[in-house]
Amino acid sequence: MNILKKSFKKSIWVFHLSTAACNNCDIEVLELLTPRYDVERFGIKLVGSPRHADALLVCGAVNAHAKPRFLEVYRQTPKPCLVVAFGSCGCSSGIFRDSYSIVGPVDKVLKEEDPDAKIVYIPGCPPKPEAMIEGIIKGLEVI
Amino acid sequence: MKQTIIPLGPYHPLLEEPEHFKLYVEGERVVDLDVEIGYNHRGIEKLAEGKTWDQIPYLVERICGICSTSHPMAYCLAVEDLVGCDVPKRAQLIRVVVCELERLHSHLLWVGLAGHFIGYNTVWMWAWKYRETILEICEKLTGNRNHYAMFKPGGVRRDFNKEQIEYALEHIVDVEKPIRMLTGAILDDPVIHKRLKGIGVLTKKDAIDYSALGPTSRGSGVPWDVRWDEPLDGFKDLKWKVIVQKDGDVFSKSVVRLLECFESVSLIKQALLNLPEGEAIDADIKEVPPGEGCGRYEAPRGEVFHYVRSDGSNMPYRHKVRAPTFNNLPTFKASCKGETIADVALITASIDPCYCCTERVAVVDKNNNEKILREKDLLRLSVDKTKSVMKKLGKTPPLYNMEI
Amino acid sequence: MKLLFYYLVFPGFLFASVIGLLTVWLDRKVSARVQWRYGPPWYQGFADIGKLLYKEVIIPEEAFGSGFIAAPLFGLASVTLAITILCVSFFGISEGFIGDIIVVWYLFAIPAIALIYIGSTSGNPLSSVGVSREIKLLLSYDLPMVIVIVIMASKAGTFSIKGIMEWQMVNGSNISNWYGIIAFVVAIFCVQAKLGRVPFDLAEAETELGSGILLELSGGVLAAYELSKAMMLFGLPMFLIILFWGKGIVGGVLMYLLIIVLLVLIKNTNPRVRIDHAMRFFWGWMSGAAVLAAILAHLGA
Amino acid sequence: MSKRENGKVMKDLKKKLKKKIIDIAQPREKRIYIRVEPEKTPEVVEYLFSKYKCKFCTASGIDMREGIEIIYHLAREDKNMVINVKTLVPYSKLEIESIGRRIKAFRWIEREINEMFGVIFKGHPDMRRLILPDSFPKGKYPLRKDFKNSDVTDEDYDYERSGI
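Chains as they are written, first to last, in this note's numbering: chain H, 1 to 143; chain G, 1001 to 1404; chain L, 2001 to 2301; chain D, 3001 to 3164.
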């Protein structure tokens, strides 16, 4: 059984999700694919549907418009999955915390849906690409 | 003709920004266009009313990730207009350097995406590779790749020391060569000429009627550039020119952006070279009298407008923010009409929207069978067209950069 | 008992999946290198399959429960059977039977049919679009390929793999003359379409339909499909080797690498075509070339 | 932009818009503020936009307790002047003539002001919600002074209407 667990750590399929973000983290996510920070060497691949995904990259503080859609996508991903909250917006809704249209950071919204969801927080606004890679890799131990 | 439109959720594999366009089509021709935004609303203007004058630059910076220094710049100009103080020269030149650096890396990001839409992925990889050097300069000068937090009403928060200036001057030079190569790759390539010329034309009258801003309006011959029309004292003695193109199609908008990169590089060099020595970098405003002020500055995508009204307390009574894309987005109604779906991806990219919304275009057929065209569809359609254009021109397609 | 051994271990499941997954790694590594990227480590194929087995399987309510799981396994079993038949006669272990070329080709078609079954029952609108594309693709690339098989079989006079290989041993492999080259080009494109690789990966277009037909697959079921695709990546080039080369093992390995390089090159040089383009391409150009090869073959060139 | 030229723009505007405006002021070198009644705003703004070749920057609404003040910011590029037209729409009659009917540039900003302040723009071609989600509770206007950030929290959004 632990061979399968070990192989889980070597190949992570990632699905990108943007909820009310300032598109800076989204661009840093794309930068991970460019030649300088190529993530494919760790087996990380961007996939097309939440069904295949193991990690959900969520950028941005969740606003009311995006919340139902975000929870729907979380329900669809097969369960041993990792939610990566990107940037200070993902971790704590950052500077937009007490606005009327923001309904809480990623973990507050997710805890309603599934209390023991595994969440990785990558602070920084925008987090450095090195920090992102390290965050995802460190998140693997959690699963 | 009854139209059934099924609004699918905005979440989509390669999406950066949840944004949704609806095209009403007859066959291949686009008849009408509807835009649905609001997925990114964070209530910034309401938050601004709860923050003090000095805290707002941090909030305003996070409106848009790519033009993250134009908003604080316009805000500081608005407050200075309200207070009526004048900013020391050195602070102004530092502001010019940071804003021009950001314009460079924003334009390079756009060049990469445009290359990606035509199907040249190597252009995407190259543009983003050379963009890294600029981000490094930004990190060296201001400490962070994107949100620099350099400005505050009345001046600049941090000064450039000698060693930082040398580093910047030395590295800004080796950015010029790749930009020239990229410009060459894009401007003299006959296939790109055929692909970009004559589509998505925004006539001069339309540009004025929609009050388009920035490269979108300068591409149609409307010479609006806030740096020229309302120059800061910093700009007065720097030599540069506004780039204007006449025919308003996607090609001229690209030319405007690429030539602006060269202007930015020369501006940065001039500003860094004649930084006045040892001056104070802040006019340190003590308190803000009641009154109102507007600030305008030229972001990479157009003019950013901030209006500030104060009632004497240490928090603004009202703070209105308007990003350039707010004016540029409705221009799609004029420029997308009559174009084929394959070109829509290019036209939406040509105004370099603050959120790249070419990912989600829902094509509604007139005889109401609704076909959802995703970004890859648009990409492939536009790439097919590039290939057919290439065959006509008798050029072999570039060997390995057409792969999506 | 020996047959079971052949099926499960030597030329069958284990051997084919190991080689298949290594080929998948080679393919991804070369594509990454083309874009100055570093590319995945060598064990990437095994890690992907292992991880998928570890994950939970979600079965959509509309889908018919057990059928949803059985289909890809059924596909996997048929691919292994096809490869065993191929390799058994290629390595000269035992005599093949008359007509096993046709059997092998249609055993390879079964995973695609399993996929169509899954796509249609899963009730997801996007995967139903994927299903219609997969069926059209299946029809389009079958025609030219069957013509190529018939040419080779008529040249060798028999429909058995052994016979074709012996004929090529005697008077030169098919690739060495004109009709062989044309037929080879046709076969390469058909294999590219069968494997669902980039120019023709319409069914599971990654961002176009949100990985269309595979949209509902997850966990173990997806692992079965990925494994069968990897093994086909090994099996189909073997099939081409037998049709066009037929000589000994050493020549076969070289030919295998050549075919893999060709497949990767095609993948990296052109964007995904639209479904009507693909069909026009196969029925128009490819069938024409196949018929031309047939005429040349009979003129004895 | 010398003082003399500024003065010329001020005089020229005073002459043309004499009867339509309440008063005109120029507190600083590049800014002109014109106060107008709500009924006359469309004529003044359309005059500035079309004949006076001004570019439309934006319009901002301010909750002044006794009414909503709408300021149309227009910029005259070649003379490098920002002209702001201010009107106060009283709470008693919260409606104003829509300029977006003829000039396309004003359409989106009027939709936003309507959604954020509740001002009704008569004759606007398609008055829908621009930024706020459909699940936002009806009848609440976020940018009014009496609306606190904590008024609308997670429970108030009824998510059924958000069209999933």
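All residues carry an ideal CB built from backbone N, CA and C; glycine is no exception. Quick caveat: nothing in here was measured; it's all calculated off a predicted structure.
query, result
"Please go through the region 3103-3137 of chain D and give each complete beta strand (DSSP E) segment of 3 or more residues, from N-terminal end onward.", "3120-3122"
"On a CA-only basis, which of D:Glu-3069, D:Tyr-3033, D:Asp-3063 and D:Asn-3084 is nearest Cys-3057 of chain D? Give me that one, please.", "D:Asn-3084"
"Who are the neighbours of Phe-3136 of chain D on chain H, taking C-beta pairs under 9 Å?", "Ala-64, His-65, Tyr-100 and Ser-101"
"So does the region 1064-1075 of chain G actually touch the region 1293-1310 of chain G, counting three or more Cβ pairs closer than 8 Å?", "yes"
"Should the region 56-71 of chain H be regarded as contacting the region 6-19 of chain H, the criterion being three or more beta carbon pairs within less than 8 Å?", "yes"
"Which of the three DSSP states is assigned to Asp-1311 of chain G in this structure?", "coil"
"What is the C-beta distance between Ser-1335 of chain G and Gly-1200 of chain G, in whole angstroms, given that I count them as a contact (C-beta under 8 Å)?", "4 Å"
"What residue from G:Ile-1165, G:Leu-1113 and G:Asp-1189 has the CA that sits closest to Val-1098 of chain G's CA?", "G:Ile-1165"
"Run the proximity test for Lys-3011 of chain D: is its beta-carbon closer than 6 Å to any non-hydrogen atom belonging to the ligand GDP?", "Looking at this structure, you won't find the ligand GDP or any other ligand, since it has none at all."
"Against Lys-1320 of chain G, what residues of chain D qualify as contacts under a CB-to-CB distance less than 9 Å, listed in chain order?", "Thr-3058, Ala-3059, Ser-3060, Gly-3061, Ile-3062, Ile-3071 and His-3073"
"Give the DSSP-derived three-state secondary structure of Met-3081 of chain D in the structure shown.", "strand"
"Identify every run of the alpha helix (DSSP H) within the region 1065-1090 of chain G, keeping only runs that are complete inside it and at least 4 residues long; order them along the chain.", "1070-1083"
"By DSSP's criteria, Thr-3058 of chain D is part of a beta bridge. Which residues make up the other side?", "D:His-3073"
"Comparing C-alpha positions only, which one of D:Arg-3144, D:Ile-3103, D:Pro-3133 and D:Tyr-3141 sits nearest to His-3124 of chain D?", "D:Ile-3103"
"In terms of residues, what are the limits of the beta strand (DSSP E) holding Gly-1293 of chain G?", "1291-1299"
"What are the boundary residues of the beta strand (DSSP E) that Trp-2283 of chain L is part of?", "Looking at the DSSP string, Trp-2283 of chain L is not in any beta strand (DSSP E), and its letter there is neither H nor E."
"For Trp-1224 of chain G, which of D:Tyr-3141, D:Gly-3100, D:Glu-3112 and D:Asp-3078 has the nearest alpha-carbon?", "D:Asp-3078"
"Specify, as a first and last residue, the run of the alpha helix (DSSP H) that His-1171 of chain G falls within.", "1162-1187"
"Taking 7 Å as the cut-off, decide whether the C-beta atoms of Ser-2218 of chain L and Val-2057 of chain L are in contact.", "yes"
"Could you compute how far the alpha carbon of Gly-43 of chain H sits from the alpha carbon of Pro-123 of chain H?", "23 Å"
"May I ask you to list, following chain order, the residues of the region 1299-1318 of chain G that have a beta carbon less than 8 Å from some beta carbon of chain D?", "Glu-1303, Phe-1305, Tyr-1307, Arg-1309, Tyr-1317 and Arg-1318"
"If the cut is a Cβ gap below 8 Å, which residues of chain H does Lys-1425 of chain G touch?", "With chain G covering only 1001 through 1404, there is no way to say anything about residue 1425 of chain G."
"With DSSP as the reference, label Tyr-3091 of chain D as helix, strand or coil.", "coil"
"Using a beta-carbon distance cut-off of less than 7 Å, what residues from the region 3138-3152 of chain D approach chain B?", "The structure shown contains no chain B; its protein chains are H, G, L and D."
"Kindly say whether Ala-3105 of chain D, judged by its beta-carbon, lies nearer than 7 Å to any beta-carbon of chain G.", "yes"
"List the endpoints of the continuous beta strand (DSSP E) containing Val-1321 of chain G.", "1316-1322"
"Taking just the CA atoms, how far does Arg-1145 of chain G sit from Met-132 of chain H?", "14 Å"
"So, at 6 Å on beta carbons, what are the nonlocal neighbours of Asn-1367 of chain G in its own chain, with the 5 sequence-adjacent residues on each side left out?", "For Asn-1367 of chain G, the pLDDT reaches just 39, beneath the cut-off of 50, and the residue's location in the model is therefore unreliable, although a value from the coordinates is still provided. Here the set comprises nothing."
"Pull up the distance between the alpha-carbon of Leu-2139 of chain L and that of Leu-2233 of chain L, whole angstroms please.", "20 Å"
"Which first and last residues belong to the alpha helix (DSSP H) in which Ala-1207 of chain G is found?", "1204-1209"
"Just how far apart, CA to CA, sit Trp-3108 of chain D and Phe-1235 of chain G?", "33 Å"
"Who are the Cβ neighbours of Ile-2266 of chain L in its own chain at under 6 Å, not counting the five residues just before and after it?", "Gln-2192"
"Please identify the residue among L:Val-2148, L:Ala-2016 and L:Val-2221 whose C-alpha is closest to the C-alpha of Cys-2087 of chain L.", "L:Ala-2016"
"Does chain G have any CB closer than 7 Å to the CB of Lys-3122 of chain D?", "no"
"Determine, using beta carbons only, whether Arg-145 of chain H comes closer than 7 Å to chain L.", "Residue 145 of chain H cannot be examined here, being either before or after the span of chain H that is shown, 1 to 143."
"Is there a Cβ from chain G that is less than 7 Å from the Cβ of Asn-3114 of chain D?", "no"
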